[in-house]
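Participant: In our numbering, the protein residues as written are 73 to 380. Quick one: this structure, given as structure tokens, is what I'll be asking you about.
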Ligand SMILES: Cc1cc2nc3c(=O)[nH]c(=O)nc-3n(C[C@H](O)[C@H](O)[C@H](O)COP(=O)(O)O)c2cc1C
């Protein structure tokens, strides 16, 4: 997830309970081979021991997909995922991501180029069930003919962004299609899943091989470990210690290299579900550096302890 699943957040989630696979933020294949390369490559930074980690890419130039895949293989990623699902206006305006649903021939070329460059690394696609109109089976059927290792299906059309409920019955149709086509592609469902129990329900009900979690991780950083107490039920002290850990990891890894505003977006994960949480959030929102945030957190802890 853009500005979310960077190396820092992945490290934190791993400490709380790792999923089976992590996906990077989406990275522009054009950006990777442009003079502005330095603006995008931070998305591909990883710890040497991070595995399995799949790099997600986007763009519409097959040559850059080939080169990007070669590079990602050399950087030690475990797989390459092509974003054909992002619905953001400025991205689709130039025919990228979910707009490729309307250009299957180019989509096929991009997949082929990525596979050629990846030299054996698994290549997967993340997509939606249509662009302006729903066409689950036509589009997924086409993708399943391209010999991809996995297909993640977000159960909405692009036009609907995150509105309405994800249509899991459509994702189930993709599983049935995969089975009837007798291809080996792993089917991963995505949309509105918040807990491990729901992951298991989706597996049982729709036959998906896996579930991709997006926003659910903001609700519970411990989501992937069934033995750990959910974040919401933890004490204020624990929430603040986790927040401090996040700040530390951010400082340790990014130092001055990433703008502080990226870190600020995470504060609401921790400062929630306790008396005074909204006051703390307001104080944190006003901070301008991670040092300021540390001071606010420490002061809050001190005043909390004094009160007890
Ligand atoms: C802040 C944010 C950033 C996202 N960035 C990406 C991205 O870079 N690549 C991608 O495939 N999906 C991205 N998504 C979409 C999610 O992966 C997911 O498909 C969507 O949120 C629906 O799943 P959920 O209900 O589990 O959140 C992003 C979503 C959010 C909220």
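Even for Gly, the Cβ is constructed at its ideal location relative to N, Cα and C.
Closest to residue 257 by C-alpha separation, out of 241, 266, 247 and 103, would be which residue?
Facilitator: Here residue 257 refers to the residue found at position 185 of the chain shown. Looking at the Cα atoms, 247 is the closest of the given residues.
Participant: Between the alpha carbons of residue 207 and residue 245, how many angstroms are there, rounded?
Facilitator: Position 135 of the chain shown, counting from 1, holds the residue named residue 207. Position 173 of the chain shown, counting from 1, holds the residue named residue 245. Cα to Cα, residue 207 sits roughly 11 Å from residue 245.
Participant: Quick one: any contact between the stretch 160–172 and the stretch 134–151, if contact means 3 or more CB pairs under 8 Å?
Facilitator: They do not touch, by the three-pair rule.
Participant: Cα-Cα, which of 262, 289 and 292 is closest to residue 281?
Facilitator: Here residue 281 is taken as the residue at index 209 of the chain shown, counted from 1. Taking each of 262, 289 and 292 in turn and checking the Cα distance to residue 281, the smallest one comes out for 262.
Participant: DSSP on residue 360, reduced to helix/strand/coil?
Facilitator: Against the chain shown, residue 360 aligns to sequence position 288. For residue 360, the three-state secondary structure derived from DSSP is coil.
Participant: Do you know offhand how far residue 318's Cα is from residue 129's?
Facilitator: Start at 1 with the first residue of the chain shown, and residue 318 comes out as number 246. Start at 1 with the first residue of the chain shown, and residue 129 comes out as number 57. Going from the Cα of residue 318 to the Cα of residue 129 covers about 26 Å.
Participant: I think residue 250 touches residue 238, with their Cβ atoms under 8 Å apart; what is that distance to the nearest whole Å?
Facilitator: What you label residue 250 is simply residue 178 of the chain shown in a count that begins at 1. What you label residue 238 is simply residue 166 of the chain shown in a count that begins at 1. Wrong, their Cβ atoms sit about 18 Å apart, outside the cutoff.
Participant: Among residues of its own chain, excluding the 5 on either side of residue 188, which ones have a beta-carbon nearer than 8 Å to its beta-carbon?
Facilitator: Reading the chain shown from its first residue, position 116 is the one you call residue 188. Only 138 and 141 meet the Cβ criterion.
Participant: Can you tell me whether residue 129 is helix, strand or coil according to DSSP?
Facilitator: On the chain shown, residue 129 is found 57 positions in, with the first residue counted as 1. Secondary structure at residue 129: strand, using DSSP grouped into helix, strand and coil.
Participant: Going by the beta-carbon positions, is the gap between residue 154 and residue 186 smaller than 8 Å?
Facilitator: Taking the first residue of the chain shown as 1, we reach residue 154 at position 82. Taking the first residue of the chain shown as 1, we reach residue 186 at position 114. Yes, the pair counts as a contact, with Cβ atoms nearer than the cut-off.
Participant: What's the call for residue 157, buried or exposed, on a 16-neighbour Cβ count within 10 Å?
Facilitator: Your numbering for residue 157 matches position 85 in the chain shown. With a 10 Å radius around the Cβ and a threshold of 16 neighbouring Cβ atoms, residue 157 comes out buried.
Participant: At 4 residues or longer, what runs of the alpha helix (DSSP H) sit wholly inside the stretch 143–203?
Facilitator: 161–164 and 176–190
Participant: Would residue 329 and residue 339 be called neighbours here (beta carbons separated by less than 8 Å)?
Facilitator: Start at 1 with the first residue of the chain shown, and residue 329 comes out as number 257. Start at 1 with the first residue of the chain shown, and residue 339 comes out as number 267. Cβ distance not < 8 Å, so residue 329 and residue 339 don't count as in contact.
Participant: Is residue 127 near residue 170, with beta carbons less than 8 Å apart?
Facilitator: In the chain shown, the residue the question calls residue 127 occupies position 55. In the chain shown, the residue the question calls residue 170 occupies position 98. Result no, Cβ atoms of residue 127 and residue 170 do not sit closer than 8 Å.
Participant: Who are residue 206's beta bridge partners in DSSP?
Facilitator: For the purposes of this step, residue 206 is taken as the residue at position 134 of the chain shown. Answer is 202.
Participant: Please report the residue range of the beta strand (DSSP E) in which residue 96 lies.
Facilitator: Start at 1 with the first residue of the chain shown, and residue 96 comes out as number 24. Where residue 96 is concerned, the enclosing beta strand (DSSP E) stretches over 94–100.
Participant: Determine the closest residue to residue 375 out of 363, 348 and 362, with distance taken between C-alpha atoms.
Facilitator: Counting from one through the chain shown, the residue named residue 375 turns up at place 303. Checked all of 363, 348 and 362; the closest Cα to residue 375 is 348.
Participant: Taking the beta carbon of residue 226 as the centre, do at least 16 other beta carbons fall within 10 Å, making it buried, or is it exposed?
Facilitator: Sequence index remark: in the chain shown, residue 226 carries index 154 (1-based). That one is buried.
Participant: Relative to ligand 1, is the shortest distance from any of its heavy atoms to the C-beta of residue 157 smaller than 7 Å?
Facilitator: Taking the first residue of the chain shown as position 1, residue 157 is located at position 85. For residue 157, the shortest separation between its Cβ and any heavy atom of ligand 1 lies below 7 Å.
Participant: Hey, would you say residue 342 sits closer than 8 Å to residue 311, going by beta carbons?
Facilitator: Against the chain shown, residue 342 aligns to sequence position 270. Against the chain shown, residue 311 aligns to sequence position 239. Yes.
Participant: Taking the C-alpha atoms as reference points, what is the distance between residue 279 and residue 373?
Facilitator: The count along the chain shown starts at 1 and reaches residue 279 at position 207. The count along the chain shown starts at 1 and reaches residue 373 at position 301. In a straight line, the C-alpha of residue 279 is about 46 Å away from that of residue 373.
Participant: Which stretch, first to last residue, makes up the alpha helix (DSSP H) that contains residue 266?
Facilitator: Counted from its first residue, the chain shown places residue 266 at position 194. The continuous stretches of alpha helix (DSSP H) do not include residue 266, and DSSP gives it neither H nor E.
Participant: Identify the residues that DSSP records as bridge partners of residue 77: which are they?
Facilitator: Mapped onto the chain shown, residue 77 falls at position 5. Note: residue 77 sits in no beta bridge, so no partner.
Participant: Within a Cβ cutoff of 6 Å, which residues of the same chain sit near residue 242, ignoring the five residues on either side of it in sequence?
Facilitator: Taking the chain shown and counting its residues from 1, one reaches residue 242 at position 170. So the qualifying residues of the chain are 201, 208 and 227.
Participant: Considering only the alpha carbon of each residue, which of 314, 125, 109 and 302 lies closest to residue 369?
Facilitator: Residue 369 sits at position 297 when you count from the first residue of the chain shown. Comparing Cα-Cα distances from residue 369 to each of 314, 125, 109 and 302, the minimum goes to 314.
Participant: Near residue 97, which residues of its chain fall below 8 Å by C-beta distance, leaving aside the five closest residues on each side in sequence?
Facilitator: Here the question's residue 97 lines up with position 25 in the chain shown. Excluding positions up to five away in sequence, the list reads 73, 74, 75, 76, 77, 78, 115 and 128.
Participant: Should residue 197 be labelled buried (16 or more other beta-carbon atoms within 10 Å of its own) or exposed?
Facilitator: On the chain shown, residue 197 is found 125 positions in, with the first residue counted as 1. Buried, by the Cβ-count rule.
Participant: Should residue 146 be labelled buried (16 or more other beta-carbon atoms within 10 Å of its own) or exposed?
Facilitator: What you label residue 146 is simply residue 74 of the chain shown in a count that begins at 1. Exposed: under 16 other Cβ atoms inside 10 Å.
Participant: The alpha helix (DSSP H) spanning residue 318 covers which residue range?
Facilitator: If you number the chain shown from 1, residue 318 lands on position 246. Counting along the chain, the alpha helix (DSSP H) containing residue 318 begins and ends at 308–326.
Participant: Which residues does DSSP pair with residue 259 in a beta bridge?
Facilitator: Position 187 of the chain shown, counted from the first residue, corresponds to residue 259. DSSP output for residue 259 lists 223 as bridge partner(s).
Participant: In three-state terms, what does DSSP make of residue 286?
Facilitator: Working through the chain shown from its first residue, we reach residue 286 at position 214. Residue 286: coil per DSSP, three-state reduction.
Participant: Less than 8 Å between the beta carbons of residue 346 and residue 89, yes or no?
Facilitator: Along the chain shown, one-based indexing puts residue 346 at 274. Along the chain shown, one-based indexing puts residue 89 at 17. No.
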